[in-house]
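First the structure, in the form of structure tokens, and then the observations on it.
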Amino acid sequence: MHPSHTKVGIVGGGPSGLLLARLLHRSGVDCVVLENRDRAYVEQRQRAGILEQGTVDVLRECGAGARMGREGLVHDGIELRYDRRAHRLDFPALTGGRRVTVYAQTEVVKDLIALQLDAGAPLLFGAQVLDVTGADTERPVIRYTHQGREQTLTCDYVVGCDGFHGVTRHAVPETERRTYERAYPYSWLGVLADVPPSCDELIYAHSPRGFALFSMRTPTVSRLYLQVPNGTDPADWPDDRIWDELQARAALDTPWKLERGPLTAKAVLPMRSAVTEPMRYGRVLLAGDAAHIVPPTGAKGLNLAVADVTVLARALAQVHDTGSTELLDAYSDTCLRRVWRAEHFSYFMTTTLHTAADQSPFDTRLQLSQLDRIATSPHAAAELAENYTGLPLV
Ligand code: RFL
Ligand code: PHB
118 MHPSHTKVGI VGGGPSGLLL ARLLHRSGVD CVVLENRDRA YVEQRQRAGI
168 LEQGTVDVLR ECGAGARMGR EGLVHDGIEL RYDRRAHRLD FPALTGGRRV
218 TVYAQTEVVK DLIALQLDAG APLLFGAQVL DVTGADTERP VIRYTHQGRE
268 QTLTCDYVVG CDGFHGVTRH AVPETERRTY ERAYPYSWLG VLADVPPSCD
318 ELIYAHSPRG FALFSMRTPT VSRLYLQVPN GTDPADWPDD RIWDELQARA
368 ALDTPWKLER GPLTAKAVLP MRSAVTEPMR YGRVLLAGDA AHIVPPTGAK
418 GLNLAVADVT VLARALAQVH DTGSTELLDA YSDTCLRRVW RAEHFSYFMT
468 TTLHTAADQS PFDTRLQLSQ LDRIATSPHA AAELAENYTG LPLV
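Per this note's numbering, numbering of the sequence shown is gapless, rising by one per residue and ending at 511.
And the structure:
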């Protein structure tokens, strides 16, 4: 039940940790996943919804593609709304054929957990990691509690997939790491609604009242977001106020009606950009939100996590198969190049589409000029479309 040694100890059973475990299992590399929360909590945590083509390919190749293939909604574009006008970006035309898939993170997580447990691979829920020590030794150690008892797991490598508030990052001495970050002066109020989406594709709406995003989970469930001030209490937003505000922010010169339905979840989410460098110290590696977070406007967080662990799984398989650490030595630099591009794109989408409380009319004119440039220049549109649909893995 409690192994005392493994090749790769994985802290965190979110999408990063679960996918890494799946990829390592397929390469014959032993690993153990330690997840703080219980299974139901991890499977229901509302988060991302958009998968890049590369993410879909990785999930498919590792055997997690069957339900996604049946239930995922393939989207060929998004709509930008600003100045009471709508402009559609045609992704395949702009990127040479790339698309995105709407398939909720909750579903990806459910599929990966089922695969892991079916394979009999070690995945412990309710296992809270207290600390990771010995990063600069041959045998780093994870200390955790499970079922009220303290345990230790000695590893060849430890991977921190424990998200933004995780503990693994602290295994890297403060003198050896640096975090670059930026907070934003607004949050998102996110809701789930039992009503078919009023649009076929996602709508990103800039408006003087603030940003709104119209997304979906399934053909019968809508996922909607409103920009709100930091510190907003969801209780101040009764359902009717949310629907009225969504409708107002998406207003066009032509009639457009948002279908309403019962709201089944409501939460306020802060927005932050952060990158911790390097993503490796000795035998401890960081992946996904443990190493970097983005504001959700670019739909990049989950996709970056998938890219990190795909690169890392190849590197750890190379160590296992040949003893060579060449790919592992390059891991941090390989990932950070892509991470910083996604950081820039997420920052760009966020600052172009949101209206800060202290925003000047000059700033607003700049935003509208930028949106107009995207709507009228194929080059500007292609730049957005390439970043949104995802850059190549390496
Ligand atoms: P997670 O998902 O935070 O998982 C970390 C796991 O580690 C566990 N943990 C521990 N376990 C043991 N011991 C400890 N001491 C532990 N500390 C933490 C936690 O319980 C958890 O299970 O990180 P991971 O795996 O790196 O995955 C990252 C993604 O979850 C995240 O980037 C995305 O959800 C971001 N994101 C989006 N990404 C996209 O690609 N497309 C999107 O459309 C998108 N929309 C979103 C988003 C994130 C959002 N929120 C809530 C931040 C929309 C939202 C609203
Ligand atoms: C979502 O459906 O949750 C979603 C979609 C696109 C984003 C962020 C979140 O940019």
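The beta-carbon is built from N, C-alpha and C at its ideal position, and this holds for glycine as well.
Assuming residue i and residue j form a contact by the criterion Cβ under 8 angstroms, report the distance between their Cβ atoms to the nearest whole angstrom.
i: PRO387; j: SER304; result: 5 angstroms
i: ALA367; j: TRP373; result: 6 angstroms
i: ARG215; j: GLN170; result: 5 angstroms
i: PRO313; j: GLU376; result: 7 angstroms
i: ILE410; j: VAL276; result: 17 angstroms between Cβ atoms; not a contact.
i: TYR505; j: ARG389; result: Contact doesn't hold; Cβ gap of about 20 angstroms is too wide.
i: THR212; j: GLU500; result: Incorrect: roughly 10 angstroms between the Cβ atoms, too far for contact.
i: GLU318; j: GLY507; result: Incorrect: roughly 17 angstroms between the Cβ atoms, too far for contact.
i: THR393; j: ARG294; result: 6 angstroms
i: VAL456; j: LEU421; result: 6 angstroms
Could you check whether the Cβ of residue i sits closer than 6 angstroms to any heavy atom belonging to the ligand RFL?
i: CYS316; result: no
i: ARG154; result: yes
i: VAL345; result: no
i: ASN420; result: yes
i: GLN245; result: yes
i: SER133; result: yes
i: LEU386; result: yes
i: ASP406; result: yes
i: LEU151; result: yes
i: ARG276; result: Strictly speaking, residue 276 in this sequence is Val, with Arg absent from that position. Not so, every heavy atom of the ligand RFL lies at least 6 angstroms from the Cβ.
i: ASP235; result: no
i: ASP147; result: no
i: VAL249; result: no
Relative to the C-alpha of residue i, which residue among the options is closest?
i: LEU232; options: ALA365, GLY378, GLU255 and PRO132; result: PRO132
i: ARG164; options: HIS122, LEU309 and VAL258; result: LEU309
i: ILE320; options: HIS119, ASP475, GLY415 and PHE242; result: GLY415
i: ALA203; options: PHE281, LEU470, LEU369 and TYR297; result: LEU369
i: HIS323; options: GLN344, CYS278 and VAL217; result: GLN344
i: GLY186; options: THR212, LEU444 and VAL217; result: VAL217
i: LEU485; options: LEU470, HIS496 and ALA499; result: LEU470
i: GLY129; options: THR481, GLU291 and ARG154; result: ARG154
i: ALA447; options: HIS461, GLU460 and ASP425; result: ASP425
i: ARG198; options: LEU483, GLU255, GLY307 and ALA492; result: ALA492
i: PRO200; options: HIS496, THR223 and LEU488; result: With the sequence shown as reference, residue 200 is identified as Asp, and Pro is not the correct amino acid for it. The option with the nearest alpha carbon to ASP200 is LEU488.
i: ALA236; options: ARG266, HIS119 and ALA138; result: ALA138
i: ARG266; options: HIS119, PRO239 and LEU363; result: HIS119
i: GLY418; options: ALA459, ASP279 and ASP311; result: ALA459
i: SER494; options: LEU141, VAL173, ASP207 and VAL258; result: ASP207
i: GLN161; options: THR349, THR381, THR292 and THR371; result: THR381
i: LEU363; options: ARG156, SER339, LEU453 and PRO509; result: SER339
i: LEU240; options: ARG156, LEU510, PRO478 and THR371; result: ARG156
i: PRO346; options: ARG454, PRO209 and ASP475; result: ASP475
Is residue i a contact residue of the ligand PHB, with contact defined as CB to any heavy atom under 6 angstroms?
i: ARG340; result: yes
i: GLY327; result: no
i: GLY166; result: yes
i: SER494; result: no
i: PRO413; result: yes
i: ALA502; result: no
i: ALA416; result: yes
i: SER463; result: no
i: SER441; result: no
i: SER332; result: yes
Go through its chain and collect everything with a Cβ distance to residue i's Cβ below 6 angstroms, but skip five positions before and after it.
i: VAL175; result: VAL423 and THR427
i: GLY399; result: ALA252 and ASP253
i: SER121; result: none
i: TYR342; result: TRP305, GLY307 and LEU330
i: ARG299; result: SER390
i: CYS316; result: PHE331
Suppose the cutoff is 7 angstroms on Cβ atoms and the five residues either side in sequence are ignored; what does the same chain contact list for residue i look like?
i: VAL289; result: ALA252, TYR398 and VAL401
i: THR123; result: ASP147, CYS148, VAL149, LEU270 and CYS272
i: VAL219; result: GLY166, ILE167, GLY189, LEU190, HIS192 and MET333
i: LEU444; result: ARG431, ALA432 and GLN435
i: PRO351; result: LEU306, LYS383, ALA384 and VAL385
i: ARG490; result: ALA497
Go through its chain and collect everything with a Cβ distance to residue i's Cβ below 8 angstroms, but skip five positions before and after it.
i: VAL159; result: GLY130, GLY131, GLU152, VAL226, ILE230 and PHE242
i: ASP480; result: ALA473
i: ALA365; result: SER324 and ARG326
i: GLU224; result: ARG184, MET185 and GLU188
Touching by the beta-carbon criterion (3+ pairs, under 8 angstroms), the segment 320-328 and the segment 272-287: Contact fails: fewer than three Cβ-Cβ distances are below 8 angstroms.
Within the chosen definition, does the segment 118-137 reach the segment 398-409 through at least 3 CB pairs nearer than 8 angstroms? Taking a cut-off of 8 angstroms on C-beta distances, the segment 118-137 touches the segment 398-409, as three or more cross pairs fall below it.
Examine the Cβ distances between the segment 258-274 and the segment 240-249 and report whether three or more of them are shorter than 8 angstroms. Yes, since at least three Cβ pairs between the segment 258-274 and the segment 240-249 fall closer than 8 angstroms, the two stretches touch.
Segment contact flag, the segment 433-441 with the segment 140-155, C-beta cutoff 8 angstroms, min 3 pairs: Counting Cβ pairs under 8 angstroms, three or more are found: they touch.
Touch test, the segment 452-471 against the segment 172-187, Cβ-Cβ under 8 angstroms, three pairs minimum: The segment 452-471 and the segment 172-187 do not touch, with fewer than 3 CB-CB distances between them shorter than 8 angstroms.
Are the segment 377-386 and the segment 346-362 touching by the rule of at least three beta carbon pairs closer than 8 angstroms? Contact between the segment 377-386 and the segment 346-362 is present: three or more C-beta pairs spanning the two stretches fall below 8 angstroms.
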